[in-house]
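Participant: Per this note's numbering, residue 2 is the first one in the sequence shown, and the count goes up by one each step.
Note that beta-carbon positions come from the ideal geometry of N, C-alpha and C, so glycine has one too.
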Amino acid sequence: MTKFRITIFFFIPFISGILNAQPVEPYISSLPKGSDLSVLVQSVGSNPKTLAKYKSDQFKQPASTQKVITALAAELELGRDFRFITRIQTNGSISNKQLNGDLIIQLSGDPTLTRDRLKSMIATLGQKGIEKISGNVILDTSIFTSHDKASGWSWNNLTACYSAPPSAAIIDDNCFNAIITPGKVGSKASVSVSSNIPIMFTGDVRTIAANSKDLNDKYCELDVSYSDKNHYHLSGCIAVSADKTPLKFAVIDSVEYFSKILKNELKQKKITYTGSFIERNQRTNAQLSLLSSSQSAPLSELLTVMLKKSNNLYADAIFRTLGAHYYNVQGTWRNGGDAVKQILRKKAGINLENLVIADGSGLSRLNLVSADKLMEILQYIAANNTKLKMIEMLPIAGVDGTLQNRKSFNQAPFKETIRAKTGYIQGCYNLAGFIQKSDGGYVAFVQLLSGYQADNKGEPKNSAVMRFESEFYKNFIN
């Protein structure tokens, strides 16, 4: 009898915590068959109450909700005032308008570095009287090492700007613009790239009729291939039109791209060099003199852009920087993931050991996270938001970022009430964030929806998930 009473006593807190929870099952019927949903909704505070729970322990691909994990680790490890710094240094000295030694550009993986900022640094060399370099020009990329694309990134998306390489050498988002202009039906379309973009771009694109019934035309799509030294080739078909079509492509070889831009800027300032252009990917303890530098905005501003705009380049540059900073080694994808886990375990008391963290952006299909673990992240953010100020970094429903035009939330009662990170890759519609209550407090929620394939009902493919969100989350608005 005593043993029975003890068992009941231990289970009472758990039962009472979920007994009055909002049932999720009635709302799942609005989702397409085959969809797999995990949901967890909790009040925020030292003793959170579970308001809704469904398969929250299942592991799923987080997509861009992964950025919430990256952002918290970055705040805790690097600090809000951290800045990426790009330095131009030398191992020599200046005499008679000549730099006697090497010119060393120490790259930091700054995802915000622009050509204009590089131009300003080069101008500083001229102001110091340098007209000739009697040595090599060295690109120091040793902040990171190994591949610049994470495991699990889709190979067919590597030329898309959202997959631009978060390498040590980043300039102008490692992305460039091109324009394709259709010709007459049956003729070639023309492809052009600005002359100041140091890439090679060729095209063999056929112009087809706008409503062609020919199956060869129907399945003839634009396709881009690439080879060494940023050589791109566009092939396939485009429908006839009077309009030019803008295209954007990711830089494939970022060191080659940066080197050519740097050479051009030195040439523009009439600074010559007698040596070679060299990439150095090994760390050195050599004593160097600073000639010029440029720094990014503080981390707090970068995280705001990263979360509101879901910027993958920022997320993955920060992720690899975490590995370099935490372990004091060259940053890689592997030590970035290990660093995130260690930082959150030691500084936030959150154990993520069972998670798969392959990158910082959520692009990798290898990432695995549960709603339960994302909720731990959200609860920590809410409890420490006075210091972290991370809730304010999240997109606001109907106002900005990736929630500005989300149909489920861009009208009352959700508009300006929900702050959440979205996450989307093919088949996944994820959310992680907060619903602000009328008293100023918050309800935290995580949605991980996978296997989503819209039923063919002649409506937009996301209509079902938008209905689910607008109907289900109304239960937590007050």
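Excluding the 5 residues preceding and the 5 following E354 in the sequence, name in chain order all residues of the same chain whose CB lies nearer than 7 Å to its CB.
Facilitator: Here residue 354 refers to the residue found at position 353 when the sequence shown is read from its first residue. Excluding positions up to five away in sequence, the list reads K342.
Participant: What are the start and end residues of the beta strand (DSSP E) that includes N101?
Facilitator: For the purposes of this step, residue 101 is taken as the residue at position 100 of the sequence shown. Run containing N101: Q99 to N101, per the beta strand (DSSP E) assignment.
Participant: Put F85 into one of helix, strand or coil per three-state DSSP.
Facilitator: In the sequence shown, residue 85 corresponds to position 84, counting from 1. It is coil, neither helix nor strand.
Participant: Using DSSP with H/G/I as helix, E/B as strand and the rest coil, what is T246?
Facilitator: Position 245 of the sequence shown, counted from the start, is the residue given in the question as residue 246. Reduced to three states, the DSSP call for T246 is strand.
Participant: On a CA-only basis, which of Q23, G35 and N286 is nearest G452? Give me that one, please.
Facilitator: On the sequence shown, position 451 is the one that residue 452 refers to. When only C-alpha atoms are compared, the closest one is G35.
Participant: If I measure Cβ to Cβ from S488 and keep anything under 8 Å in the same chain, skipping five residues before and after, which residues do I get?
Facilitator: For residue 488 there is no data in the structure shown, the boundaries of the chain being 2 and 479.
Participant: Using 10 angstroms around the beta-carbon of A359, count the other beta-carbons present and answer buried if the total reaches 16, otherwise exposed.
Facilitator: In the sequence shown, the residue the question calls residue 359 occupies position 358. When all chains shown are included, A359 counts as buried.
Participant: Tell me the DSSP bridge mates of T387?
Facilitator: Here residue 387 is taken as the residue at index 386 of the sequence shown, counted from 1. DSSP output for T387 lists no bridge partner at all.
Participant: Just verifying my parser: in three-state terms, what is the DSSP assignment at N368?
Facilitator: In the sequence shown, residue 368 corresponds to position 367, counting from 1. N368 falls in the coil class under three-state DSSP.
Participant: For K230 and Y474, what's the separation of their Cα atoms in angstroms?
Facilitator: For the purposes of this step, residue 230 is taken as the residue at position 229 of the sequence shown. For the purposes of this step, residue 474 is taken as the residue at position 473 of the sequence shown. Between K230 and Y474, the C-alpha separation is close to 50 Å.
Participant: Measure the C-alpha to C-alpha separation of P166 and D440 and round it to an integer number of angstroms.
Facilitator: As a first step, residue 166 is located in the sequence shown; it is residue number 165 there, counting from the start. As a first step, residue 440 is located in the sequence shown; it is residue number 439 there, counting from the start. Spanning the two alpha carbons is a distance of roughly 44 Å.
Participant: With DSSP as the reference, label S226 as helix, strand or coil.
Facilitator: The residue given as residue 226 occupies position 225 in the sequence shown. Looking at S226 - three-state DSSP - the assignment turns out to be strand.
Participant: Between I198, Y233 and T182, which lies nearest to A209 when the distance is taken from Cα to Cα?
Facilitator: Your numbering for residue 209 matches position 208 in the sequence shown. Sequence inspection shows Ile at residue 209; the Ala mentioned does not correspond to that position. When only C-alpha atoms are compared, the closest one is T182.
Participant: When you compare the CB of P414 with every CB in chain C, is at least one pair closer than 7 Å?
Facilitator: Of the chains in the structure shown, none is chain C; there is only one protein chain.
Participant: What is the DSSP secondary structure of T3, reduced to helix, strand or coil?
Facilitator: Here residue 3 is taken as the residue at index 2 of the sequence shown, counted from 1. No answer about T3 holds up, because its pLDDT of 41 lies below 50 and its placement is not dependable.
Participant: Which runs of the beta strand (DSSP E) spanning at least 3 residues fall entirely within the region 293 to 322, listed in chain order?
Facilitator: You should have found no qualifying run.
Participant: Where does C162 fall in DSSP's three states?
Facilitator: Position 161 of the sequence shown, counted from the start, is the residue given in the question as residue 162. Residue state, collapsed to three classes: helix.
Participant: With distances taken between CB atoms, is the gap from I172 to L114 smaller than 7 Å?
Facilitator: Here residue 172 refers to the residue found at position 171 of the sequence shown. Here residue 114 refers to the residue found at position 113 of the sequence shown. Cβ distance < 7 Å, so I172 and L114 count as in contact.
Participant: What alpha helix (DSSP H) runs, 4 residues minimum, are completely inside the region 47 to 88?
Facilitator: Correct list: 67 to 78.
Participant: Whose C-alpha, out of H234, G153, C238 and Q296, is nearest the C-alpha of L216?
Facilitator: Here residue 216 corresponds to residue number 215 of the sequence shown, with the count starting at 1. That would be C238, whose Cα lies nearest to the Cα of L216.
Participant: Considering only residues of the region 130 to 201, which uninterrupted beta strand (DSSP E) runs meet the minimum length of 3 residues and lie entirely inside it, listed in chain order?
Facilitator: Listed in chain order, they are 138 to 141, 176 to 182 and 191 to 194.
Participant: Which residue comes first and which comes last in the alpha helix (DSSP H) that contains R116?
Facilitator: One-based indexing of the sequence shown puts residue 116 at position 115. From DSSP, the alpha helix (DSSP H) with R116 extends over R116 to Q128.
Participant: Quick one: what's H234 bridged to in DSSP?
Facilitator: The residue labelled residue 234 in the question sits at position 233 within the sequence shown. Its beta-bridge partners are T203 and S226.
Participant: Return the bridge partner residues of V40 from the DSSP annotation.
Facilitator: Here residue 40 refers to the residue found at position 39 of the sequence shown. In the DSSP output, where bridge partners are listed per residue, V40 has Y55 and Q448.
Participant: Would you identify the three-state DSSP class for F15, choosing helix, strand or coil?
Facilitator: In the sequence shown, the residue the question calls residue 15 occupies position 14. Residue confidence for F15 is low, a pLDDT of 41 falling below 50, so the modelled location carries little weight and cannot support an answer.
Participant: According to DSSP, is E266 part of a helix, a strand, or is it coil?
Facilitator: Numbered from its first residue, the sequence shown carries residue 266 at position 265. DSSP places E266 in helix when its eight states are reduced to three.
Participant: In angstroms with no decimal places, state the Cα-to-Cα distance between L119 and P299.
Facilitator: As a first step, residue 119 is located in the sequence shown; it is residue number 118 there, counting from the start. As a first step, residue 299 is located in the sequence shown; it is residue number 298 there, counting from the start. Distance between the alpha carbons of L119 and P299 is about 18 Å.
Participant: Verify the contact flag: E417, CB atom, against every heavy atom of the ligand COA, threshold strictly below 6 Å.
Facilitator: As for the ligand COA, it is missing from this structure, which has no ligand bound.
Participant: Who are E377's beta bridge partners in DSSP?
Facilitator: Against the sequence shown, residue 377 aligns to sequence position 376. According to DSSP, which records beta bridges pairwise, E377 is partnered with nothing at all.
Participant: Using only the alpha-carbon positions, how far apart do S236 and K98 sit?
Facilitator: By 1-based counting over the sequence shown, the position of residue 236 is 235. By 1-based counting over the sequence shown, the position of residue 98 is 97. Cα to Cα, the separation comes out at about 49 Å.
Participant: Using DSSP with H/G/I as helix, E/B as strand and the rest coil, what is L32?
Facilitator: Within the sequence shown, numbered from 1, the residue matching residue 32 stands at position 31. Coil, per DSSP.
Participant: What do you get for K219, buried or exposed, if any count of 16 or more other CB atoms within 10 angstroms of its CB means buried?
Facilitator: As a position in the sequence shown, residue 219 is number 218, starting the count at 1. K219 should be labelled exposed.
Participant: What are the residues that DSSP puts in a beta bridge with L289?
Facilitator: Numbered from its first residue, the sequence shown carries residue 289 at position 288. DSSP, once it has assigned bridges, lists no residue as partnering L289.
Participant: Quick one: Cα of F83 to Cα of S152, how far?
Facilitator: Your numbering for residue 83 matches position 82 in the sequence shown. Your numbering for residue 152 matches position 151 in the sequence shown. C-alpha separation (whole angstroms): 27 Å.
Participant: When you compare only the Cα positions, how much space is there between R116 and N175?
Facilitator: Here residue 116 is taken as the residue at index 115 of the sequence shown, counted from 1. Here residue 175 is taken as the residue at index 174 of the sequence shown, counted from 1. Spanning the two alpha carbons is a distance of roughly 11 Å.
Participant: Based on the DSSP secondary-structure assignment, which residues constitute the bridge partners of F435?
Facilitator: As a working note, residue 435 is residue 434 in the sequence shown. Looking at the DSSP assignment, F435 forms a beta bridge with R420 and A445.
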